[in-house]
Every structure is written in C-alpha cells, then in structure tokens.
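Residue numbers (this note's numbering): 169 to 440.
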C-alpha cells in the first residue's frame, strides 16, 4: 500500500512565531524534519502540508527551493489540509508527522508503520492523549491511518479540536487492552476498538520516558534542540536513543525547557 508521510507546517505560532524555519545548526528546522523522516524505510513519499494563508508563503517557497513536495490547504482545518494532501499524493496509508519535531526518529516511524501493517489496524500510534499515558518523549509522535479512516474522519468530524488535531475522531473513547510484548524487549503493544469501530493500536516503550520534552514550541525548546544538535556536530544521523543517552549524561540539557507546559488536545486555535 502506498504510504505517504505528511508533515504539517505553518509559520504562525503563539509561543514561537516562524518556528518551523528557525535555524538548527545551519539548516531550517523543517529541513531537519524532512531529512530525518525521509530516512524511514517504510515510506513511499514525504511531503509538507502547509496553508494557503499568505503567512505560509515562505514555507511553500522554501519547499520549492529544496525540491520538497508541498501541498497547501486550510490554515485552521488541518484535517481537511491532510485529507486534500493525501488525495493529491494518492496515499493509501497516511503517516502524520509535525514540523516542530526535529529529532523525529525514522526507525520509530518504521516501527509504528510495522505495527499498523502487521495488525491490520485502522490507526496506529506511539502516543494517545490523556487518560492514556505517553511512554516516548514528547517530540517523537507518529500517527498512521488508512486513507479510508482519514476520509471518514474528514466527512464526519464536526468538533473544532477534531479538525485541528486531525486524528482524534478515530480514537476518541477507545478502551485499550493491557500492554503485551511486541518485537523488541523494550516495546509493548496495546490495542482496542473505538466506539466508532476503528481498530486502534498504541506502541509503548518500557521503561517510560514520556517526561522528556524534545519538541519545539518555545524559545527554551529551541535552545534545547540547538544544544542537542551541537552535541552531535550538526549532523542528523543520530537516533532517539542517542538523544536519551545524551540527556541522561547531561541532565542540565533537559533543565533548559523543563518548565514548558505542553498544550492539551482540547486547546485549539482561538480563530477556528
């Protein structure tokens, strides 16, 4: 099945405007995310989905200059933006990645896609919002769904947070099973069926590292990421486990953005 990773990116940000084009060791953050995502072995294409708003012309121009496929759509209805981009790319399986995650791990993308494929699920991920627990660091989120599931969400989702956060319609209200071993000794899998009939899988890690914050929403987050890339000499060929080893060796790094609050699923753009 044709598997396409769609990286959502926009320049408007309440806490760090223009963040997706901020410099990280000599290259824009969006370029870092695209390059790391492209290293996943399970993907047929990687494209950027930005908005048609004039504020995102710079994102589209950057993609054009780098030969990165770019689709443009609604600024606030991100579900529609994803659906239209998926149709444009003839996707049968859609992988959701966000442009504020510059240490996204290609091997982890492959693991979540493998879960999705092996179990015949409608939706697979490595995180679900509360009341479920996160066991991978914030900034490594991967979501995978069938085109049929995405289309149904696109047709039926009617709540603003469902439209902005793309995938909630698929997993809302799901009751997940106890975790069971999956592949590697540190991985566990929980499964369930949502009230709307979608088959759901969540990949967990043991031990739990969900308290680490490796995404970029604030100046403190950006400084943390810049320090991480500096430790690796500005290169991209490092894994999330390499970052874990680094922050365990240098706890002062995690202190840089330790006080940043992570937004909840129900917090939406007030202009929606």
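Ideal Cβ positions, reconstructed from N, Cα and C, are used throughout, including at glycine.
Discussion item. Relative to the C-alpha of residue 412, which candidate in 389, 325 and 378 has its C-alpha closest?
Written reply: In the chain shown, residue 412 corresponds to position 244, counting from 1. Ranking 389, 325 and 378 by Cα distance to residue 412 puts 378 first.
Discussion item. Among the candidates 281, 385 and 419, whose CA atom is the shortest distance from the CA of residue 190?
Written reply: On the chain shown, residue 190 is found 22 positions in, with the first residue counted as 1. It is 385 whose Cα lies nearest to the Cα of residue 190.
Worksheet item: Roughly how many angstroms lie between the CA atoms of residue 236 and residue 193, to the nearest whole one?
Response: As a working mapping, residue 236 is identified with position 68 in the chain shown. As a working mapping, residue 193 is identified with position 25 in the chain shown. When rounded, the distance between both Cα atoms is 20 Å.
Practice prompt. Would you check if the stretch 359-370 and the stretch 382-401 touch, i.e. whether three or more CB-CB distances between them fall below 8 Å?
Written response: no
Discussion item. Please classify residue 354 as buried or exposed, where buried requires at least 16 neighbouring CB atoms within 10 angstroms.
Written reply: Here residue 354 is taken as the residue at index 186 of the chain shown, counted from 1. By the neighbour-count rule (16 or more Cβ atoms within 10 Å), residue 354 is not buried but exposed.
Discussion item. Classify residue 346: buried if its beta carbon has 16 or more other beta carbons within 10 angstroms, exposed otherwise.
Written reply: As a first step, residue 346 is located in the chain shown; it is residue number 178 there, counting from the start. Residue 346 is exposed by the Cβ-count criterion.
Worksheet item: Exposed or buried, which one is residue 270 when buried takes at least 16 other CB atoms within 10 Å?
Response: Your numbering for residue 270 matches position 102 in the chain shown. Burial call: buried.
Worksheet item: For residue 178, which three-state DSSP category applies?
Response: To locate residue 178, count along the chain shown from 1; it is residue 10. Residue 178 falls in the coil class under three-state DSSP.
Worksheet item: Taking the alpha-carbon positions, what's the residue 176 to residue 420 distance?
Response: As a first step, residue 176 is located in the chain shown; it is residue number 8 there, counting from the start. As a first step, residue 420 is located in the chain shown; it is residue number 252 there, counting from the start. Straight-line Cα distance between these residues: approximately 31 Å.
Worksheet item: residue 230 by DSSP, collapsed to three states: which one?
Response: Here the question's residue 230 lines up with position 62 in the chain shown. Residue 230 falls in the helix class under three-state DSSP.
Practice prompt. Report the rounded CA-to-CA distance for residue 342 versus residue 400, giving the unit in angstroms.
Written response: On the chain shown, residue 342 is found 174 positions in, with the first residue counted as 1. On the chain shown, residue 400 is found 232 positions in, with the first residue counted as 1. Near 40 Å, if we compare the C-alpha coordinates of residue 400 and residue 342.
Worksheet item: Cα separation between residue 337 and residue 330?
Response: For the purposes of this step, residue 337 is identified with residue 169 of the chain shown, where counting begins at 1. For the purposes of this step, residue 330 is identified with residue 162 of the chain shown, where counting begins at 1. Cα to Cα, residue 337 sits roughly 6 Å from residue 330.
Discussion item. Can you list, in chain order, the residues of its chain with a C-beta nearer than 6 Å to that of residue 277? Leave out the 5 residues immediately preceding and following it.
Written reply: Your numbering for residue 277 matches position 109 in the chain shown. Answer for residue 277: 208 and 310, listed in chain order.
Fill in: Beta-ladder partner(s) of residue 218, from DSSP
One-based indexing of the chain shown puts residue 218 at position 50. Answer is 240, bridged to residue 218.
Worksheet item: How many angstroms separate the CA atom of residue 186 from the CA atom of residue 196?
Response: Numbered from 1 along the chain shown, position 18 holds the residue referred to as residue 186. Numbered from 1 along the chain shown, position 28 holds the residue referred to as residue 196. Going by C-alpha positions, residue 186 is about 10 Å away from residue 196.
Worksheet item: Is residue 380 near residue 305, with beta carbons less than 7 Å apart?
Response: Taking the chain shown and counting its residues from 1, the one referred to as residue 380 is at position 212. Taking the chain shown and counting its residues from 1, the one referred to as residue 305 is at position 137. Cβ distance < 7 Å, so residue 380 and residue 305 count as in contact.
Practice prompt. Entirely within the stretch 313-374 and at least 4 residues each: give me those alpha helix (DSSP H) ranges in chain order.
Written response: 315-324, 328-332 and 336-339
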